[in-house]
Amino acid sequence: MTCLTDFTGTPPIPGLASLGLPCREADADLWFAEAPADLEMAKALCRGCPLQRECLETAIERAEPWGVWGGEIFDRGQIVARKRPRGRPRKVAG
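What follows is the structure in structure tokens.
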């Protein structure tokens, strides 16, 4: 399993493990996934996090380029409501 600190470069903070942070307990790759469904799962896990607001605020301050931070999806440094799937849009039947 990849540790979130591998992506952020931030050393582990003592005591965080006892808080039950979803990003520390689940696979960190989920927060940096390409699949929109995986990103939505990460957002849902963030909703119960005791540090959600702080995580989002510091992600904005750091201008995070991508990933799920504080329950929001960052894409190219901007918060987006949802990530579109890659590739061509589906054809409309008719």
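According to our numbering, the sequence shown is numbered sequentially starting from 120. Virtual Cβ for every residue (Gly too), placed ideally from N, Cα, C.
Per the coordinates, the alpha-carbon of E173 lies some 45 Å from the alpha-carbon of A212. In the structure shown, the three-state DSSP call for D157 is helix. In the DSSP assignment, D194 forms a beta bridge with W185 and Q197. Taking the C-beta atoms as reference points, A178 is found no nearer than 9 Å to L164. Spanning the alpha carbons of P155 and G139 requires a straight line of approximately 24 Å. Rounded to whole angstroms, the separation of the alpha carbons of W185 and V199 is 10 Å.
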